[in-house]
Amino acid sequence: MADRAELIDQWQRQQRMSIMRAFTLHTAIAERVGLNITDFTCVNALSLLGPMTPGELAEVTGLTKGGAITAVIDRLERAGFAHRRRDDHDRRKVIVELDQEKTLAEIAPMFGRLAGGLTEALSKLSEEDLRMLLGLTATVNEVSRAAAAALKAERPPG
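Numbering (my numbering), first residue to last: 509 to 666.
Here's what the structure looks like:
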């Protein structure tokens, strides 16, 4: 039987595998709809977090503000997955918004197998286990966000 340290190590390895598998899936879906992985990551961010400014989109995806995020948004507009609009409260601000109809029609169906398999696996868990898993996942997401922010803030050696 594995001891606590070994179980933690096994969990961390499974988590890394999960991230790798998700990246592989996202890359395959991106290619299928004619996007690169960076652009698809922005579609995913807009889908999860809703409309936001280009600066906010750059922040949550780890892209640089300015030219890089502008080029991504330009490509997403040309592909029909997003559009820019003026903020309702401050006309000086630009908001990037996902085209829900196109996303639901072209991208959502490709997550069907994953969603079905996860729903089946999760439906076997108790509510208590689901709450624990949800809390753990939220913690993992926050730890990952903080680790990425810390790395970005550090100056590279040399």
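Quick reminder that beta carbons are idealized off the backbone N, C-alpha and C, glycines included.
For K610 and F589, the rounded distance between their alpha carbons
Distance between the alpha carbons of F589 and K610: 6 Å.
Here's the rule I'm using: 16 or more other beta-carbon atoms within 10 Å means buried, otherwise exposed. How should I577 be labelled?
Classified as buried, I577 has 16 or more neighbouring CB atoms from the shown chains inside 10 Å of its CB.
For A538, which residues in the same chain have their Cβ closer than 8 Å to its Cβ, ignoring the five residues on either side in sequence?
Excluding residues within five positions, the ones whose Cβ falls inside 8 Å are N544, I545, D547, F548.
Rounded to a whole number of angstroms, what is the C-alpha to C-alpha distance between Q520 and E514?
Cα to Cα, Q520 sits roughly 10 Å from E514.
Kindly indicate which residue of T532, M509, L565 has the alpha-carbon position closest to the one of L622.
Closest in C-alpha terms to L622, from the list T532, M509, L565, comes T532.
Host alpha helix (DSSP H) of V551 (start-end):
For V551, the uninterrupted alpha helix (DSSP H) run begins and ends at 545-557, by DSSP.
C-alpha gap between R600 and A646, whole angstroms
Taking the straight line joining both Cα atoms gives about 34 Å.
Given T535, which residues of its chain have a CB within under 7 Å of its CB, disregarding the five upstream and five downstream residues?
Closer than 7 Å at Cβ, skipping near neighbours: I545.
Assuming L633 and L644 are in contact, meaning their beta carbons sit under 8 Å apart, how far apart are those beta carbons, in whole angstroms?
Incorrect: roughly 12 Å between the Cβ atoms, too far for contact.
Nearest-angstrom Cα separation, counted from E635 out to R512:
Rounded to the nearest angstrom, the two C-alpha atoms are 24 Å apart.
Suppose the cutoff is 7 Å on Cβ atoms and the five residues either side in sequence are ignored; what does the same chain contact list for R586 look like?
Once the five neighbours on either side are set aside, R586 has no close Cβ partner at all.
Would A553 pass as a contact of V568 if the rule is Cβ separation under 8 Å?
Going by C-beta atoms, A553 is nearer than 8 Å to V568.
When the Cα of H597 is compared with those of V580, A661, T561, which residue comes out closest?
Minimum Cα distance to H597 is reached at T561.
For A602, which residues in the same chain have their Cβ closer than 8 Å to its Cβ, ignoring the five residues on either side in sequence?
A quick correction: the sequence has Val, not Ala, at residue 602. Hits under 8 Å: T561, P562, R592, R593, R594, D595.
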